[in-house]
Every structure is written in structure tokens, then in C-alpha cells.
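Enquirer: Residue numbers (my numbering): 1191 to 1373.
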């Protein structure tokens, strides 16, 4: 089953993926889709508040953050990593429980990322906002290192996230029943 939608002026077929017997989600994958990444970045930048640095969570938001930074001319973006890397110093971590992952994960910054964020206007971006768990984790990291969050954006807002007024997004993505009908 697929769900067709138009995103940043481009039609895409999103495969429906089972979460449980009664709930399916539309899988929006930006990886390998340069056209949708470029178009989505351009449309989000039209709606973005002024910012100094873009932050996203590893990994599906990375192409979007890169392209937004490139198009904005800032050329800097930061990825909250899913685990500490050997090169990271003074690692700061928070837990995250995402709807698309079957276990608790950690997101972290090292000292380099913390220094890039401290005192800066931070724009948090992601491909899809659903439960908001990833956003809350990134918010906690940014706040811990002294960044000033000026906005949170996503290409798609899924389910109840589309009713939020504290995020900016391009399109609403419904949740689906087992027959593939929007809820």
C-alpha cells in the first residue's frame, strides 16, 4: 500500500508501514531523493525565522539540514549523533524514544558542537515530526549547551503533530488504518 502526496510541489508515493495491527504510517524517506530534498529545503527556508545554525538529529534529517545550510549560505549545520564518537570530547547526551525506532536511543553533542551552538540562534529541522520525542531531545541538548532555539521545522507533520502551532512544516501526513485509509 502507498499514499500519494504532493510535497514542495513534487508528487511522491509513500509506502505504508505497519506500527501495530490498527496503525500504519507513511514512510517519507529523503535519502537518495535529491529533488525532494532541494525543493523541501527551499520551501522551508521561505518560512524560516532568522537563524545562525541548523541542528538536526541523526540520520534522516541530515540531507535536509545540509541542503538548507547550503541554500541559506551559512554552510554550517550540526548533527545530534545517536552515540558518542571517539573524536567527540565532553559528550552531552539525552535519551529519545522515536516512533520509527523500536528502542530507546541517545542523542549527543561533543564540545565542538556545543561551542558552535552556545549563544547562537538555532533552527531545529527534521524530515518528519510525529510524536515530538526527537524534537524534545534536541531541544534539551541545545538548551543544555546554551543555544537559543528560534524555530522548529519539518517537511511533514504526522498525525497530531499537524495540529501543533509551535512547529513549521510544509504538509500534513495523516496516520492510516490497516486498510490504508487516513485516520
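Glycine is no exception: its CB is placed at the ideal position from the N, C-alpha and C atoms.
Are there 16 or more other CB atoms within 10 angstroms of the CB of residue 1271, so buried, or fewer, so exposed?
Expert: For the purposes of this step, residue 1271 is identified with residue 81 of the chain shown, where counting begins at 1. Buried.
Enquirer: Between residue 1218 and residue 1363, is the Cβ-Cβ spacing less than 8 Å?
Expert: Along the chain shown, read from residue 1 onward, the residue named residue 1218 stands at position 28. Along the chain shown, read from residue 1 onward, the residue named residue 1363 stands at position 173. A contact, by the Cβ cut-off of 8 Å.
Enquirer: Can you give me the C-alpha to C-alpha distance between residue 1365 and residue 1310, rounded to a whole angstrom?
Expert: The sequence position of residue 1365 within the chain shown is 175, counting from 1. The sequence position of residue 1310 within the chain shown is 120, counting from 1. For residue 1365 and residue 1310, the distance between alpha carbons rounds to 35 Å.
Enquirer: Suppose the cutoff is 8 Å on Cβ atoms and the five residues either side in sequence are ignored; what does the same chain contact list for residue 1279 look like?
Expert: Here residue 1279 refers to the residue found at position 89 when the chain shown is read from its first residue. Contacts found: 1300, 1301, 1302.
Enquirer: Looking only at its chain, what residues have a beta carbon closer than 6 Å to the beta carbon of residue 1305, apart from the 5 residues adjacent to it on each side?
Expert: Against the chain shown, residue 1305 aligns to sequence position 115. Here the set comprises nothing.
Enquirer: What are the boundary residues of the alpha helix (DSSP H) that includes residue 1306?
Expert: One-based indexing of the chain shown puts residue 1306 at position 116. Looking at the DSSP string, the run of the alpha helix (DSSP H) that includes residue 1306 is 1301 to 1307.
Enquirer: For residue 1209, count neighbouring C-beta atoms within 10 Å of its own C-beta (all shown protein chains included) and say buried if the count is 16 or more, exposed if not.
Expert: Along the chain shown, read from residue 1 onward, the residue named residue 1209 stands at position 19. The residue in question, residue 1209, is exposed, as its Cβ has fewer than 16 Cβ neighbours within 10 Å.
Enquirer: Beta carbon of residue 1318, beta carbon of residue 1345: below 8 Å?
Expert: For the purposes of this step, residue 1318 is taken as residue 128 along the chain shown, with counting starting at 1. For the purposes of this step, residue 1345 is taken as residue 155 along the chain shown, with counting starting at 1. Result yes, Cβ atoms of residue 1318 and residue 1345 sit closer than 8 Å.
Enquirer: Taking the continuous beta strand (DSSP E) assigned at residue 1332, which residues delimit it?
Expert: Residue mapping note: residue 1332 aligns to position 142 of the chain shown, counting from 1. Here residue 1332 belongs to no beta strand (DSSP E); instead the alpha helix (DSSP H) covers 1323 to 1334.
Enquirer: Once the 5 residues before and after residue 1327 are set aside, which same chain residues still bring their CB inside 8 Å of it?
Expert: Reading the chain shown from its first residue, position 137 is the one you call residue 1327. Correct list, in chain order: 1247, 1270, 1284, 1285, 1286, 1297.
Enquirer: Report yes if the CB atom of residue 1231 is closer than 8 Å to the CB atom of residue 1254, and no otherwise.
Expert: As a working note, residue 1231 is residue 41 in the chain shown. As a working note, residue 1254 is residue 64 in the chain shown. In contact: residue 1231 and residue 1254 (Cβ atoms closer than 8 Å).
Enquirer: Can you check DSSP and say which residues form a bridge with residue 1342?
Expert: Looking up residue 1342 in the chain shown gives position 152. 1314, per the DSSP bridge assignment.
Enquirer: Please confirm whether residue 1193 and residue 1200 have their CB atoms less than 8 Å apart.
Expert: Sequence index remark: in the chain shown, residue 1193 carries index 3 (1-based). Sequence index remark: in the chain shown, residue 1200 carries index 10 (1-based). Contact: no.
Enquirer: Please classify residue 1316 as buried or exposed, where buried requires at least 16 neighbouring CB atoms within 10 angstroms.
Expert: As a working note, residue 1316 is residue 126 in the chain shown. So residue 1316 counts as buried.
Enquirer: Considering only their Cβ atoms, is the gap separating residue 1336 from residue 1313 smaller than 8 Å?
Expert: Reading the chain shown from its first residue, position 123 is the one you call residue 1313. Reading the chain shown from its first residue, position 146 is the one you call residue 1336. No, they are not a contact pair.
Enquirer: Using a Cβ-Cβ distance cut-off of 8 Å, determine whether residue 1363 contacts chain D.
Expert: You won't find chain D in this structure, because it holds only one protein chain.
Enquirer: Classify residue 1274 as helix, strand or coil using the three-state DSSP reduction.
Expert: For this step, residue 1274 is matched to residue 84 along the chain shown. DSSP places residue 1274 in coil when its eight states are reduced to three.
Enquirer: Answer with buried or exposed for residue 1162, where buried requires no fewer than 16 other C-beta atoms within 10 angstroms of its C-beta.
Expert: The chain is shown only over 1191 to 1373; residue 1162 falls outside these bounds and no answer can be derived.
Enquirer: Report the rounded CA-to-CA distance for residue 1276 versus residue 1243, giving the unit in angstroms.
Expert: Start at 1 with the first residue of the chain shown, and residue 1276 comes out as number 86. Start at 1 with the first residue of the chain shown, and residue 1243 comes out as number 53. Rounded to the nearest angstrom, the two C-alpha atoms are 24 Å apart.
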